[in-house]
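Position one of the sequence shown corresponds to residue 5 (my numbering), numbered consecutively onward. Below is one structure, written out as structure tokens; comments come after it.
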Amino acid sequence: MKKEENCNLIPKADWFTQIIEFYSDTIYNCIMALLSPFIAIFSIASDSYHRAEEAVDAVESVFLKAPSKVIHGTTTLLRKIGFGIVGAVYVCMVMIVVMLLAAMLGVGLVQLWIEEPVFMRESLFFDYTDANPKAVFTFGGFVDDGSIKKGLMGVPLGHTFHVSLALLMPESDHNMQIGMFQVCHSNKTLA
Numbered sequence: 005m006k007k008e009e010n011c012n013l014i015p016k017a018d019w020f021t022q023i024i025e026f027y028s029d030t031i032y033n034c035i036m037a038l039l040s041p042f043i044a045i046f047s048i049a050s051d052s053y054h055r056a057e058e059a060v061d062a063v064e065s066v067f068l069k070a071p072s073k074v075i076h077g078t079t080t081l082l083r084k085i086g087f088g089i090v091g092a093v094y095v096c097m098v099m100i101v102v103m104l105l106a107a108m109l110g111v112g113l114v115q116l117w118i119e120e121p122v123f124m125r126e127s128l129f130f131d132y133t134d135a136n137p138k139a140v141f142t143f144g145g146f147v148d149d150g151s152i153k154k155g156l157m158g159v160p161l162g163h164t165f166h167v168s169l170a171l172l173m174p175e176s177d178h179n180m181q182i183g184m185f186q187v188c189h190s191n192k193t194l195a
């Protein structure tokens, strides 16, 4: 037993490590107690910095994507404007061709359908047996003998007649005194 007691006189080797551990824990706790406000502020600042960095990255990615969106939108707009101009030019050409065809067809059909001006030269015979000599001329070329309905005679609607009268009378004293002529219709003086 004595050997055992002598063996116990040698202290265990872990006491030194325990003392070092105790001092190191005490120093660590003191340093942490002193630095904990600074560490908290630094962690908050670091966290806000990381969040700001993420926001900057997100904004930068949006800004980097924005020019591509703007360029894509601009090219799409220019393409639509170009197609619109090409379409307008095409429609203008088609309308000009249709207008020219319509003008040629219209002029051709008008030449076929519209009557040419009629020039008539007829002699008028005045009846000098009356006190007021008169002559009768019908525009339809019909003689007023009662065989024609009244609706068929006269100037059609939309037509005009230009009448010029040249009187060739023999020279006599009586004819030299005549200077007034009147155009009458249904006993109404027109001119």
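Heads up, the beta-carbon is just placed ideally off N, CA and C, and yes, glycines get one too. If you're wondering where the values come from, they're calculated on a predicted model, not measured in any experiment.
Item, Value
"So what's Gly155 in DSSP terms, helix, strand or just coil?", "Residue placement at Gly155 is poorly supported in this model, since its pLDDT is 48, which falls under 50; the coordinates still yield a value, given next. Gly155: helix per DSSP, three-state reduction."
"Can you find the residues in the same chain that come closer than 6 Å, C-beta to C-beta, to Lys192, ignoring five residues on each side of it along the sequence?", "none"
"Identify whether Gly162 lies in helix, strand or coil by the three-state DSSP scheme.", "coil"
"Express the C-alpha separation of Ala170 and Arg125 in angstroms, rounding to a whole number.", "11 Å"
"Check whether the Cβ atoms of Ala139 and Leu128 lie closer than 7 Å to each other.", "yes"
"Just tell me which of Arg55, Thr30, Ile118, Leu109 has its CA closest to the CA of His163.", "Ile118"
"Taking the Cβ atom as the reference point for each residue, do Pro137 and Phe130 lie within a distance shorter than 7 Å?", "yes"
"Excluding the 5 residues flanking Gln22 on each side, which residues of the same chain have their C-beta closer than 6 Å to its C-beta?", "none"
"Run through DSSP, which three-state label would Ala107 get?", "helix"
"Roughly how many angstroms separate the alpha carbons of Asn33 and Ile45, rounded to a whole number?", "18 Å"
"Please report the straight-line C-alpha distance between Leu109 and Phe165, rounded to a whole angstrom.", "28 Å"
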